[in-house]
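Using our numbering, you'd call the opening residue of the sequence shown number 754 and step up by one each time. Quick reminder that beta carbons are idealized off the backbone N, C-alpha and C, glycines included. Single-structure report; data block below.
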Amino acid sequence: MQGTEAGKPIVKFNHCQKSIYSFSVPPRCPLCRHDVGSRRLEEAPISISNPFTNGHHEKCSFLLRPTQGTFLREYDGRSDLHVGITNTKGVVYNYTVHGVQRDKAGWEQSVSIPLLQPGMFGLMDQWDKYLEDFSTAGAWLPHRYEEDHHNCYSYTLMFINCVLTTEGKERLDKNEFTEKFVVPRTRKASKYITLYRAIEERGFYVTCPSWRSPPSGSGLC
Numbered sequence: 754m755q756g757t758e759a760g761k762p763i764v765k766f767n768h769c770q771k772s773i774y775s776f777s778v779p780p781r782c783p784l785c786r787h788d789v790g791s792r793r794l795e796e797a798p799i800s801i802s803n804p805f806t807n808g809h810h811e812k813c814s815f816l817l818r819p820t821q822g823t824f825l826r827e828y829d830g831r832s833d834l835h836v837g838i839t840n841t842k843g844v845v846y847n848y849t850v851h852g853v854q855r856d857k858a859g860w861e862q863s864v865s866i867p868l869l870q871p872g873m874f875g876l877m878d879q880w881d882k883y884l885e886d887f888s889t890a891g892a893w894l895p896h897r898y899e900e901d902h903h904n905c906y907s908y909t910l911m912f913i914n915c916v917l918t919t920e921g922k923e924r925l926d927k928n929e930f931t932e933k934f935v936v937p938r939t940r941k942a943s944k945y946i947t948l949y950r951a952i953e954e955r956g957f958y959v960t961c962p963s964w965r966s967p968p969s970g971s972g973l974c
């Protein structure tokens with residue numbers, strides 16, 4: 754997604770034997786003040802992949818977002834996260850103290866994990882019915898909600914396991930699902946947030962060309 758919800762796009766270009774990240778390619782290098790011109794193919798600017806997407810544009814996916822605020826603005830790496838499942842129309846089903854919510858807005862900056870392999874049209878045709886039937890079960894009534902033991906993550910993982918069982922596949926426990934699918938994406942998101950905020954603060958961010966992702970420090974060579 755390239756919209757205001759995802760923040761400004763990040764580009765990387767090479768100059769002064771450094772990799773420079775910014776929201777756009779400036780006419781002059783911020784290090785040497787000389788004109789920035791791509792004379793060679795390897796010097797051409799490239800777009801940095803944004804790990805965030807508008808969850809309402811994602812079908813049959815697991816979504817992750819901060820409970821309060823957004824990843825790029827308010828998230829500090831320790832704040833609570835909220836999760837949900839989308840139907841085929843981008844409505845986000847999520848379990849809260851008020852029961853199962855069906856959000857048509859509010860997930861515009863999310864980490865998304867697709868839950869269906871390409872070509873699984875049969876399951877996609879039944880997805881909305883499975884999700885709605887699952888969500889009306891008594892287990893997800895408001896009074897059943899427990900912050901630590903019966904929460905939004907419990908809801909999403911149980912639905913995912915119900916689908917896996919229907920497909921004759923092995924169920925996933927919480928640790929397995931988290932380590933295999935969630936952690937790799939949240940690590941990527943964390944690096945992107947660090948990079949994004951550094952550019953917002955300084956106007957650009959510099960690394961050595963052989964280095965591919967921003968560290969927690971200043972990053973200056």
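Alpha-carbon to alpha-carbon, alanine 890 and glutamate 954: 48 Å
What is the residue span of the alpha helix (DSSP H) that glycine 875 lies within? 874 to 888
Checking 8 Å against the spacing of the C-beta atoms, do histidine 809 and glutamate 885 come in under that value? No. Outside cutoff.
Output needed for valine 764: all residues of its chain with C-beta closer than 8 Å, excluding positions within five of it in sequence on either side, in chain order. Tyr774, Ser775, Phe776, Ser777, Val778, Pro798, Ile799, Ser800 and Ile801
Grab me the residues of arginine 897's own chain with a C-beta within less than 7 Å of its C-beta, minus the 5 sequence neighbours each way, in chain order. His903
Contact set for glutamate 920: own chain, Cβ-Cβ below 8 Å, skip 5 residues either direction: Leu876
Status (buried if at least 16 other CB within 10 Å, exposed otherwise) for cysteine 782: buried
With distances taken Cα to Cα, identify the nearest neighbour of aspartate 881 among Glu900, Ser865, Ser863 and Arg855. Arg855
Nearest residue (CA-CA) to valine 936, options Cys769, Pro780 and Gly830: Distance check between valine 936 and each of Cys769, Pro780 and Gly830 places Gly830 closest, using alpha-carbon atoms only.
Glycine 852 beta carbon less than 8 Å from that of leucine 816: no
For the beta strand (DSSP E) containing arginine 831, list its first residue and its last residue. That residue, arginine 831, is in no beta strand (DSSP E); it is neither H nor E in DSSP.
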